[in-house]
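This report concerns only the one structure given below.
There are 4 protein chains.
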Amino acid sequence: MSKSRIEAFSDGVFAILITILVLEFHPVAGRPGTLLHQVTGQMPLLITYLTSYFYVGTLWLFHHDYFTHVKRTTTALNILNLILLFTATLINYSMSLVAMALRTLNHADMQVAFIVYDIVALLISLSYWLIYHYLSTHPQLTDHGITSPTQRIDPLISGLIYGSSILVSWLNVWIAGVLLLLGIVFHFIAYLRMRLPAMH
Amino acid sequence: MSKSRIEAFSDGVFAILITILVLEFHPVAGRPGTLLHQVTGQMPLLITYLTSYFYVGTLWLFHHDYFTHVKRTTTALNILNLILLFTATLINYSMSLVAMALRTLNHADMQVAFIVYDIVALLISLSYWLIYHYLSTHPQLTDHGITSPTQRIDPLISGLIYGSSILVSWLNVWIAGVLLLLGIVFHFIAYLRMRLPAMH
Amino acid sequence: MSKSRIEAFSDGVFAILITILVLEFHPVAGRPGTLLHQVTGQMPLLITYLTSYFYVGTLWLFHHDYFTHVKRTTTALNILNLILLFTATLINYSMSLVAMALRTLNHADMQVAFIVYDIVALLISLSYWLIYHYLSTHPQLTDHGITSPTQRIDPLISGLIYGSSILVSWLNVWIAGVLLLLGIVFHFIAYLRMRLPAMH
Amino acid sequence: MSKSRIEAFSDGVFAILITILVLEFHPVAGRPGTLLHQVTGQMPLLITYLTSYFYVGTLWLFHHDYFTHVKRTTTALNILNLILLFTATLINYSMSLVAMALRTLNHADMQVAFIVYDIVALLISLSYWLIYHYLSTHPQLTDHGITSPTQRIDPLISGLIYGSSILVSWLNVWIAGVLLLLGIVFHFIAYLRMRLPAMH
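Chains as they are written, first to last, in the numbering used here: chain A, 634 to 833; chain B, 634 to 833; chain C, 634 to 833; chain D, 634 to 833.
See below:
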């Protein structure tokens, strides 16, 4: 099976996902003359949107690079890819929760929102690891190895960060939020580190 | 006519459909401090979303595999494909109904929602059968037969499951829901069974 | 300039447009136990959705066939295509108006909604005619003529139907609605008639 | 790395962005019989939608033309492209603000909305300039120079227009709106001027 349609379908899902995120970052109809107050009050929401946007963007970069090395697809890879895209769509849900919690700054709500986002991030890392594992055990599908020793520890590190975020959320919800943010930034750094040799 | 645009357009519709489903699975703005209660109360909705997502995913897998064997498209195939995509978009509507009914757990509403979903699933199966029938009677459009004896009974089996779900809904609405779920799972199993010989 | 991106972009817009139309055809949260009443009351909305879906579908079929004959694109064709896609997105707005008017069946509202839909349909026909005219006066962009004598009268006929619908709306709003429906059905028939020779 | 997926992903984001803009230009459910009043009252919103649509359209045209000359992509170009698409998605947010402000015509709200739109437009121009600068300093990625002397001043001119719009908004909010509109029209004119030699 050719890989063109799995790429087109995935590009479509990533493109829609990354674009509809902006619909969450939305002004709410209020009394005339309150727009400035409302816009400045949406700074936390802007940061949430910015983070989620570049999270999906990083996921697309990884997906793009993995499939650059894929020569053809199989039924198992198609299904693993559907699972991966499913976990990615949940970012929309968890971003909604964080946006709602940041509007009221209620601590209990923020904890719930951050934990759900952490769990979604863990599921996404797991689904990427499954694709990665499948491709490295089916070398006939790829042009050459897409693995490197450091990458094998990466899912473990991000798992530790998101796990800490969940545990810490019972102590201090803001630190939990910062750890969640660090986890997402870590993916981007891991991506850049993986790509650096190819840049030279 | 080349088949590239019918694939691109269909991939686009499937990608949008599967991604906007997540918009139904959405937190509703409530009083601060009630987010945990709301998230745990959305478990039935999560199952509905999960099911609908993998239903659309399975439809994409079938579509992908059928068109792998299609060499070129015709006006009739373009129109049949538009009908197929139309029935698929109705999943969004019927999932909305199920989500609304599962929020209140009102039995009359659940029956209506399950029956509408059953009817939509029957229409989808019918439109896939039409494409399948058209392609098998126009062998010049495909590289080789895309049929196998077992597949001819599959639409009949799924029709029986969805039909039973409709009838049973007057007796017990929960069994109707389980039968609807089984119908969708059956499509996925039918897909896997069709693909298994190709995996070896 | 290659034509692949103009096709991909247009396919994307058509795919999104045709899929988000279903979001208009949506259950509204009501009291538990009223879902059956609500679903049966949405039959006019279902017909509106069905009509608009196949209207956009027919526009895609025309677009697909025109660009099958296009060998390469130009800046002017890109801009004309953006205008065409703009008029097509307005279907979403006019379908919303019709859906709102059909919920209350208020005659004044129905007249406004049908007239707006008629105007949008006229703008769409005009933008297709512009593309068609541009391509027939730039034969170096196409592989061979994409015109036929009958097609030259088609925009005139559909213009007459939509124009009558607007005028008749002051006499009887239901006949205006039927004329609007006929105008859309006419496009589909015009498409089939254009394609028939190619089917043999 | 091949450039096909970065184009497909970008086309997807542009197509979704340009299509969901129409969702902002939407009738609001009102009392029966008030639809005419509502539709005529939405003229400023229609102009906002029209402007934003052709703004995104012009951005797509520039993107399309730049990447026509790109032979292959790099990690840095992928990331710059994600930043560019991010700034473009913010058009949806700023258009929402303008639409809300134009419904009430509150001067303070209009100033906020126009300033936010100006800032978004400045960020978009900056991100295009970054891509443009990257491509002109990495000639090995393109087939030939995609620059011309006049284009180097264009970002400066549009920066001046949007900057004036921000400053003028404290004196007269309507002139600020007109300057914002001029800035967007300027992009289209700059695009046409760049393409004119290629048209001959």
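From the three backbone atoms N, C-alpha and C, an ideal C-beta is built for every residue, glycine too.
No experiment lies behind these values; they were computed from the predicted model shown.
TODO: Note down, in chain order, every chain D residue with its Cβ under 8 Å from the Cβ of alanine 658(C).
DONE: As a working note, residue 658(C) is residue 25 in the third sequence. Here the sequence assigns phenylalanine to residue 658(C), which means alanine is not the residue at that position. Within chain D, no C-beta atom comes less than 8 Å from the C-beta of phenylalanine 658(C); the nearest is roughly 14 Å away.
Task: Contact set for serine 802(D): own chain, Cβ-Cβ below 7 Å, skip 5 residues either direction - done: In the fourth sequence, residue 802(D) corresponds to position 169, counting from 1. For serine 802(D), where only same-chain residues beyond five positions count, the Cβ hits under 7 Å are Gln744, Phe747, Ile748, Ala809.
TODO: Taking 8 Å as the threshold, find out whether the segment 639-659 of chain C comes into contact with the segment 645-653 of chain B through three or more Cβ pairs.
DONE: yes
Task: For aspartate 644(B), the first and last residue of its enclosing alpha helix (DSSP H) - done: Locating residue 644(B) in the second sequence gives position 11, where the first residue counts as 1. Start and end: 637-657.
Task: Residues bridged to valine 703(C) [DSSP beta-bridge criterion] - done: By one-based count along the third sequence, residue 703(C) stands at place 70. Bridge partners of valine 703(C): Thr775(C).
Task: Own chain, CB closer than 8 Å to histidine 833(C), minus 5 neighbours either side, in chain order - done: The count along the third sequence starts at 1 and reaches residue 833(C) at position 200. Any answer about histidine 833(C) is weak, because its pLDDT of 44 lies below 50 and its placement is not dependable; what the coordinates show is given next. If we look at histidine 833(C) and ignore the five residues flanking it on each side, it has no Cβ neighbours.
- [ ] May I have the straight-line CA-CA distance separating valine 903(A) from leucine 717(A), to the nearest angstrom?
- [x] Shown here, chain A extends from 634 to 833; a query on residue 903(A) therefore has no answer.
- [ ] State yes or no: is the beta carbon of tyrosine 726(D) nearer than 8 Å to at least one beta carbon in chain A?
- [x] Locating residue 726(D) in the fourth sequence gives position 93, where the first residue counts as 1. Interface residue, yes.
TODO: Determine which residues of the segment 724-753 of chain C have a Cβ less than 7 Å from any Cβ of chain D, and write them out in chain order.
DONE: Asn725, Tyr726, Ser729, Leu730, Met733, Ala734, Thr737, Asn739, Ala741, Asp742, Val745, Ala746, Val749
Open item on the list: Is it the case that the segment 806-820 of chain D contacts the segment 764-776 of chain D, given that we only count it when at least three CB pairs across the two stretches are under 8 Å?
Closed with: At 8 Å Cβ cutoff, the stretches do not touch.
Open item on the list: Within the continuous alpha helix (DSSP H) that includes threonine 673(B), where are the two ends?
Closed with: Within the second sequence, numbered from 1, the residue matching residue 673(B) stands at position 40. Run containing threonine 673(B): 668-673, per the alpha helix (DSSP H) assignment.
Task: Three-pair Cβ contact test at 8 Å for the segment 675-690 of chain A versus the segment 680-695 of chain C - done: no
TODO: Output, in chain order, the set of chain B residues within a Cβ distance shorter than 8 Å of aspartate 644(C).
DONE: Here residue 644(C) refers to the residue found at position 11 of the third sequence. Per Cβ cutoff of 8 Å: Arg638, Ala641, Phe642, Gly645.
Open item on the list: Helix, strand or coil, according to DSSP, for proline 677(C) in the structure here?
Closed with: Indexing the third sequence from 1 puts residue 677(C) at position 44. Reduced to three states, the DSSP call for proline 677(C) is helix.
- [ ] Can you tell me which of the three DSSP states proline 665(A) falls into?
- [x] Locating residue 665(A) in the first sequence gives position 32, where the first residue counts as 1. Proline 665(A): coil per DSSP, three-state reduction.
Open item on the list: Using a Cβ-Cβ cutoff of less than 8 Å, which residues in the same chain neighbour leucine 756(B) once the five nearest sequence positions on both sides are dropped?
Closed with: As a position in the second sequence, residue 756(B) is number 123, starting the count at 1. Cβ-Cβ distances below 8 Å link leucine 756(B) to Thr720, Leu723 in the same chain, with the five nearest sequence neighbours on each side left out; the list follows chain order.
Open item on the list: Rounded to the nearest angstrom, what separates phenylalanine 821(C) and threonine 691(C) at their Cα positions?
Closed with: Reading the third sequence from its first residue, position 188 is the one you call residue 821(C). Reading the third sequence from its first residue, position 58 is the one you call residue 691(C). Straight-line Cα distance between these residues: approximately 6 Å.
Task: Minimum Cβ-Cβ distance from threonine 708(C) to chain D less than 8 Å - done: Within the third sequence, numbered from 1, the residue matching residue 708(C) stands at position 75. Yes - at least one Cβ of chain D is within 8 Å of the one on threonine 708(C).
Task: CB contact check: leucine 713(B) to chain A, cutoff 8 Å - done: Working through the second sequence from its first residue, we reach residue 713(B) at position 80. So no, leucine 713(B) is outside the interface.
Open item on the list: Between isoleucine 649(C) and chain D, is the shortest Cβ-Cβ distance under 8 Å, so that the two count as touching?
Closed with: Within the third sequence, the letter at position 16 stands for residue 649(C). Isoleucine 649(C) counts as touching chain D.
- [ ] Give a yes or no on whether 8 Å exceeds the smallest Cβ distance from proline 782(B) to chain C.
- [x] For this step, residue 782(B) is matched to residue 149 along the second sequence. Residue confidence for proline 782(B) is low, a pLDDT of 44 falling below 50, so the modelled location carries little weight; the figure read from the coordinates is stated next. For proline 782(B), the answer is no, since every Cβ of chain C falls outside 8 Å of its Cβ.
Open item on the list: My assumption, with CB atoms under 8 Å, is that leucine 710(B) sits in contact with tyrosine 767(B). Please give the rounded CB distance.
Closed with: Residue mapping note: residue 710(B) aligns to position 77 of the second sequence, counting from 1. Residue mapping note: residue 767(B) aligns to position 134 of the second sequence, counting from 1. Leucine 710(B) to tyrosine 767(B), Cβ: 6 Å. Contact.
Open item on the list: According to DSSP, simplified to helix, strand and coil, what is serine 802(C)?
Closed with: Locating residue 802(C) in the third sequence gives position 169, where the first residue counts as 1. Coil at serine 802(C), not helix or strand.
Open item on the list: Across the segment 729-740 of chain B and the segment 660-679 of chain C, are there enough close Cβ pairs to call them in contact, namely three or more that are closer than 8 Å?
Closed with: In short, these stretches touch, since the Cβ pair count reaches three.
Open item on the list: Do threonine 706(C) and isoleucine 905(C) have their beta-carbon atoms positioned less than 8 Å apart in this structure?
Closed with: Given a span of 634 to 833 for chain C in the structure shown, any question on residue 905(C) remains unanswerable.
- [ ] Take the Cβ of isoleucine 799(A) as the centre, count every other Cβ of all protein chains shown within 10 Å, and call the residue buried at 16 or more, exposed below.
- [x] Here the question's residue 799(A) lines up with position 166 in the first sequence. Answer is buried; the Cβ neighbour count reaches 16.
TODO: Would you please state the rounded distance, in angstroms, between the beta carbons of histidine 740(D) and valine 806(D)? I believe it to be under 8 Å.
DONE: Residue mapping note: residue 740(D) aligns to position 107 of the fourth sequence, counting from 1. Residue mapping note: residue 806(D) aligns to position 173 of the fourth sequence, counting from 1. About 5 Å; that satisfies the 8 Å criterion.
TODO: Please list the residues of the segment 668-682 of chain C that have a C-beta atom closer than 7 Å to any C-beta atom in chain B, keeping them in chain order.
DONE: Of all residues in the segment 668-682 of chain C, only Leu668, Leu669, Val672 place a beta-carbon less than 7 Å from a beta-carbon of chain B.
TODO: Flag this pair as yes or no: are the beta carbons of isoleucine 786(B) and tyrosine 699(B) separated by less than 8 Å?
DONE: By one-based count along the second sequence, residue 786(B) stands at place 153. By one-based count along the second sequence, residue 699(B) stands at place 66. Taking 8 Å as the Cβ cut-off, isoleucine 786(B) and tyrosine 699(B) do not qualify as a contacting pair.
Task: Residue-chain proximity (isoleucine 653(C), chain E), Cβ-Cβ < 8 Å - done: The structure shown contains no chain E; the protein chains it does contain are A, B, C and D.
- [ ] Using beta-carbon positions only, say whether tyrosine 726(D) and histidine 696(A) come within less than 8 Å of one another.
- [x] Locating residue 726(D) in the fourth sequence gives position 93, counting from the first residue. Locating residue 696(A) in the first sequence gives position 63, counting from the first residue. Result no, Cβ atoms of tyrosine 726(D) and histidine 696(A) do not sit closer than 8 Å.
Task: Where asparagine 739(B) falls: helix, strand or coil (DSSP) - done: Taking the first residue of the second sequence as 1, we reach residue 739(B) at position 106. In the three-state DSSP reduction, asparagine 739(B) falls in the coil class, being neither helix nor strand.
TODO: Put proline 782(B) into one of helix, strand or coil per three-state DSSP.
DONE: Locating residue 782(B) in the second sequence gives position 149, where the first residue counts as 1. No answer about proline 782(B) holds up, because its pLDDT of 44 lies below 50 and its placement is not dependable.
- [ ] Report buried or exposed for leucine 804(C), applying the criterion of at least 16 other Cβ atoms within 10 angstroms of its Cβ.
- [x] Translated into positions along the third sequence, residue 804(C) becomes position 171. Label assigned to leucine 804(C): exposed.
Task: Spatially closest choice to leucine 678(A) from Tyr824(A), Leu730(A), Ser637(A), by CA coordinates - done: Position 45 of the first sequence, counted from the start, is the residue given in the question as residue 678(A). Ranking Tyr824(A), Leu730(A), Ser637(A) by CA distance to the CA of leucine 678(A) puts Leu730(A) first.
Open item on the list: Does proline 660(A) come out as helix, strand or coil in the three-state DSSP assignment?
Closed with: Walking along the first sequence from the start, residue 660(A) turns up at place 27. Coil.
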